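K.L.:
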Amino acid sequence: MSGVEDQKQQDQMKRVNGVHHNEDKIDYVFKVVVIGDSAVGKTQVLSRFAKNEFCFDSKSTIGVEFQTRTVSIQSKVIKAQIWDTAGQERYRAVTSAYYRGALGAMLVYDITKRQTFDHVARWVEELRAHADSSIVIMLIGNKADLVDSRAVPTEDAVEFAERQGLFFSETSALSGHNVESAFLKLLEEIFDMVSRKTLLVANGNYLKETNNGLLKGLKIDVISAPDFEVSEMKKLSSCSC
587 MSGVEDQKQQ DQMKRVNGVH HNEDKIDYVF KVVVIGDSAV GKTQVLSRFA KNEFCFDSKS
647 TIGVEFQTRT VSIQSKVIKA QIWDTAGQER YRAVTSAYYR GALGAMLVYD ITKRQTFDHV
707 ARWVEELRAH ADSSIVIMLI GNKADLVDSR AVPTEDAVEF AERQGLFFSE TSALSGHNVE
767 SAFLKLLEEI FDMVSRKTLL VANGNYLKET NNGLLKGLKI DVISAPDFEV SEMKKLSSCS
827 C
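Written as structure tokens, this is what we have:
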């Protein structure tokens with residue numbers, strides 16, 4: 587009986603917008619990296635989105651690992667390959683390979699630990715040094731359920747995101763609050779970015795990338811991404827700061 591229930595849960599996770607996804611019919615694969623200081627809840631946020639799980643006995647991630655989830659965006663099947671790595675300084679040597687090919691990034695800090703937010707600027711600098719210049723970045727203030735222990739005002743994060751041209755949301759991996767919407771927003775923005783940057787060659791045999799070769803060689807119908815409204819999420823304007 588438990589096996590049947592497990593299968594039902596797995597099937598449910600494969601359904602987004604009422605569609606059961608066939609792994610053989612993936613239109614896009616988007617690599618997303620999750621970055622931020624150690625112990626801010628990066629792995630928990632990822633596990634909540636990928637498997638709808640929260641582990642109370644979570645340990646620091648050692649090295650690099652990734653999880654996947656498949657979703658539908660405008661009738662296209664998107665497989666998100668989400669990479670998770672430790673935030674400790676000793677693992678910085680993996681950054682070049684870690685960021686390579688990433689189309690999006692989740693930059694996570696802990697709203698109860700000011701230092702983790704103060705380090706966000708350094709993470710943005712590192713991200714932009716190693717990743718593609720067009721990478722979509724979502725700033726995440728995690729552990730929003732710990733309101734009585736808040737050390738980072740929401741306004742501070744909003745101001746930083748506005749200066750840097752980032753998207754922003756506050757989440758709780760424990761309760762699941764805003765985790766789904768934050769990841770889906772990021773994937774929507776990546777989809778929109780890729781759609782705008784790519785052109786189908788006249789004969790339809792391959793895809794020509796107008797900038798830096800993203801998804802080169804894949805045959806993909808280019809369509810316009812839709813407007814995407816997310817409750818309690820702010821789309822923040824970009825600037826040249």
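In this text, residue positions in the sequence shown follow the working numbering: the first is 587, and each later residue adds one. Note that the Cβ used here is the ideal one computed from N, Cα and C, for glycine as well. All values reported here derive from a predicted model rather than from experimental measurement.
1. Can you name, in chain order, every residue of its own chain whose Cβ lies under 8 Å from the Cβ of V722, other than the five neighbours on each side?
2. Write down the C-beta distance between I668 and F652 rounded to the nearest angstrom, noting that I regard them as a contact closer than 8 Å.
3. Using DSSP with H/G/I as helix, E/B as strand and the rest coil, what is L693?
4. Could you tell me the boundaries of the beta strand (DSSP E) in which K699 lies?
5. Given a cut-off of 7 Å, decide if G627 and A759 are closer than it, judged by their beta-carbon atoms.
6. Are T757 and A730 close, meaning C-beta to C-beta below 7 Å?
7. Under the three-state reduction of DSSP, which class applies to K729: helix, strand or coil?
8. Which same chain residues end up closer than 6 Å to R736 when comparing Cβ atoms and leaving out the 5 residues on each side of it in sequence?
9. Less than 7 Å separating the beta-carbons of V618 and L632?
10. Who are the Cβ neighbours of R700 in its own chain at under 7 Å, not counting the five residues just before and after it?
11. Quick one: grab the DSSP three-state call for A759.
12. In the structure shown, what three-state DSSP assignment does I612 receive?
13. With a CB to CB cut of under 6 Å and the five nearest residues on each side skipped, what residues in its chain are close to E639?
14. Mapping the DSSP letters down to three states, classify A737 as helix, strand or coil.
15. Looking at V710: is its Cβ nearer than 7 Å to the Cβ of Y695?
16. DSSP three-state call for A670: helix, strand or coil?
17. Give the DSSP-derived three-state secondary structure of R686 in the structure shown.
18. Count the other CB atoms, across all protein chains shown, that sit within 10 Å of the CB of T629; report buried if there are 16 or more and exposed otherwise.
19. Do you know offhand how far H763's Cα is from V733's?
P.N.:
Result, derived from the coordinates:
1. The residues are L689, G690, A691, F753, L772, E775, I776, M779.
2. Between F652 and I668 the Cβ distance is about 6 Å, and since that is below 8 Å, they are a contact.
3. Secondary structure of L693 (DSSP, three-state): strand.
4. Per DSSP, K699 is not a residue of any beta strand (DSSP E), being assigned neither H nor E.
5. For A759 and G627, yes; Cβs fall inside 7 Å.
6. A Cβ-Cβ contact shorter than 7 Å links T757 with A730.
7. Coil.
8. Shown here for R736: same chain residues with a beta carbon closer than 6 Å to its own, the five before and five after excluded, namely I697 in chain order.
9. No, the pair does not count as a contact, with Cβ atoms beyond the cut-off.
10. These residues qualify, in order along the chain: A737, V738.
11. DSSP places A759 in coil when its eight states are reduced to three.
12. I612 falls in the coil class under three-state DSSP.
13. By the criterion of a C-beta distance shorter than 6 Å, E639 is surrounded in its chain by S633, once the five residues flanking it on both sides are discounted.
14. Three-state DSSP puts A737 in coil, outside helix and strand.
15. In terms of Cβ geometry, V710 and Y695 do not form a close pair [threshold 7 Å].
16. Correcting the residue type first, residue 670 is Asp in the shown sequence and not Ala. If DSSP states are grouped into helix, strand and coil, D670 belongs with the strands.
17. It is coil, neither helix nor strand.
18. Label assigned to T629: buried.
19. Approximately 13 Å, taken between the alpha carbons.
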